[in-house]
């Protein structure tokens, strides 16, 4: 019923004005927008446009607990704090995630064996807040690297914390889960056909970047190295025998898992395919000045630095605050060279990566991928295309073709 008080419009009238609806919906997180899409066709189309404008990476870094001596009680409390913080973050994210990387760190004095149930409960909670179609991989270790919500990059060592990176749903870009057992890796050897079958990477999308995790000690360096070589073979161009796939990863203490989603003692990870740019470098230096020089060399590669660019970082567990006698040295320098670019990663027992000029024209063997006492940096940029559908949240909201054309995005700036 129309309002008769002073000619003021009714709620029904205001809610049918496209400009007003768009302003209102622009303040809502993605989860709320999917609920609003059920109100009317106008609200559905407006929610779609708002979500389309929010396709940027999301990230979180949070430290829950730091004490010299950690007990099962304080560790359980830390897991609850981490879970609560992650849930609050995921409930308020503006975009719909297509992939999630979650990295957990633990205190040195308390064995991870004693809190498997707590970690499993945490990961189960996280999965419940993500779309069913969202790929999830992660690990637990002695140290992590992450970026806080306000953009501060930090290295968390010997503390209980979490680092999170969310990749939005983008047309032309996909994140495929890699999940291999040790037996599969060993049986595949150098047979390209076997690797194609076990990796199950899409044939229509070229792999541009892979983030790999292997569980265990240095023995499993061979396993993750062979997996990297397998990905390299699958992505080879038969004509010139070259591959431009960038691979980064390392050894962790354990995987985050729910039920039996991760095969025991193997390799897990994400492969990014489609409209993706990536470049990596390996740093072996021992001074802050050396880190800065290496990162400036990485900057000169000219990769696009925009809202969908992130850095994967894997550093030796022997580096960090005890190595430099100061906290956040490498991440601090990274932020100086690449301001506004989030970084996520971990401290591991072995590093996997390719240097800028190490993959020019010939197939890399296991040893070329593997490093020790180093830090590996990988810049990864996702390029969006026009998309005519509403991102799927896993709840079955159907998408209709838009009536309006997308505004042309400005060309992303280059890091160089």
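Numbering (the UniProt record's numbering), first residue to last: 1 to 416. Even for Gly, the Cβ is constructed at its ideal location relative to N, Cα and C.
Start-to-end residues for the beta strand (DSSP E) that takes in residue i
i: residue 315; result: 309 to 316
i: residue 273; result: 267 to 274
i: residue 343; result: 343 to 348
i: residue 352; result: 351 to 353
i: residue 56; result: No beta strand (DSSP E) holds residue 56; DSSP gives it neither H nor E.
i: residue 161; result: 160 to 168
i: residue 207; result: 207 to 215
i: residue 171; result: Where residue 171 is concerned, there is no enclosing beta strand (DSSP E), given that its DSSP letter is neither H nor E.
i: residue 153; result: 153 to 157
Sub-8 Å separation of residue i and residue j beta-carbons
i: residue 247; j: residue 369; result: yes
i: residue 382; j: residue 167; result: yes
i: residue 353; j: residue 378; result: yes
i: residue 278; j: residue 208; result: yes
i: residue 343; j: residue 153; result: yes
i: residue 160; j: residue 105; result: yes
i: residue 164; j: residue 86; result: yes
i: residue 214; j: residue 267; result: yes
i: residue 162; j: residue 62; result: yes
i: residue 311; j: residue 338; result: yes
i: residue 333; j: residue 282; result: no
i: residue 81; j: residue 118; result: no
i: residue 177; j: residue 270; result: yes
i: residue 188; j: residue 198; result: yes
i: residue 380; j: residue 252; result: no
i: residue 100; j: residue 122; result: no
i: residue 249; j: residue 212; result: yes
i: residue 102; j: residue 136; result: yes
i: residue 138; j: residue 155; result: no
Whole-angstrom distance between residue j and residue i, CA atom to CA atom
i: residue 326; j: residue 195; result: 43 Å
i: residue 418; j: residue 373; result: This structure leaves residue 418 out entirely; the chain is present only between 1 and 416.
i: residue 91; j: residue 33; result: 12 Å
i: residue 35; j: residue 25; result: 11 Å
i: residue 46; j: residue 58; result: 22 Å
i: residue 329; j: residue 319; result: 10 Å
i: residue 340; j: residue 151; result: 7 Å
i: residue 232; j: residue 345; result: 22 Å
i: residue 191; j: residue 227; result: 12 Å
i: residue 157; j: residue 286; result: 19 Å
i: residue 98; j: residue 18; result: 29 Å
i: residue 288; j: residue 21; result: 51 Å
i: residue 375; j: residue 174; result: 27 Å
i: residue 120; j: residue 83; result: 11 Å
i: residue 216; j: residue 229; result: 19 Å
i: residue 223; j: residue 49; result: 45 Å
i: residue 304; j: residue 43; result: 34 Å
i: residue 371; j: residue 41; result: 55 Å
i: residue 54; j: residue 272; result: 20 Å
i: residue 298; j: residue 355; result: 10 Å
Run of the alpha helix (DSSP H) containing residue i, from where it starts to where it stops
i: residue 198; result: 192 to 199
i: residue 228; result: 221 to 234
i: residue 294; result: 288 to 299
i: residue 22; result: 18 to 25
i: residue 247; result: Where residue 247 is concerned, there is no enclosing alpha helix (DSSP H), although the beta strand (DSSP E) it sits in stretches over 246 to 252.
i: residue 378; result: Note, residue 378: premise wrong, no alpha helix (DSSP H); beta strand (DSSP E) at 375 to 382.
i: residue 186; result: 182 to 188
i: residue 36; result: 30 to 36
i: residue 42; result: 41 to 52
i: residue 329; result: 329 to 337
i: residue 323; result: 321 to 324
Residue i classed as buried or exposed, judged by whether at least 16 other C-beta atoms fall within 10 angstroms
i: residue 322; result: exposed
i: residue 274; result: buried
i: residue 284; result: exposed
i: residue 185; result: buried
i: residue 308; result: buried
i: residue 128; result: exposed
i: residue 23; result: exposed
i: residue 39; result: exposed
i: residue 147; result: buried
i: residue 88; result: exposed
i: residue 132; result: exposed
i: residue 193; result: exposed
i: residue 27; result: exposed
i: residue 200; result: exposed
i: residue 254; result: buried
i: residue 280; result: buried
i: residue 335; result: buried
Original post:
Which ranges would you report for the alpha helix (DSSP H) in the region 86 to 148 if only whole runs of at least 4 residues count?
Top reply: 116 to 128
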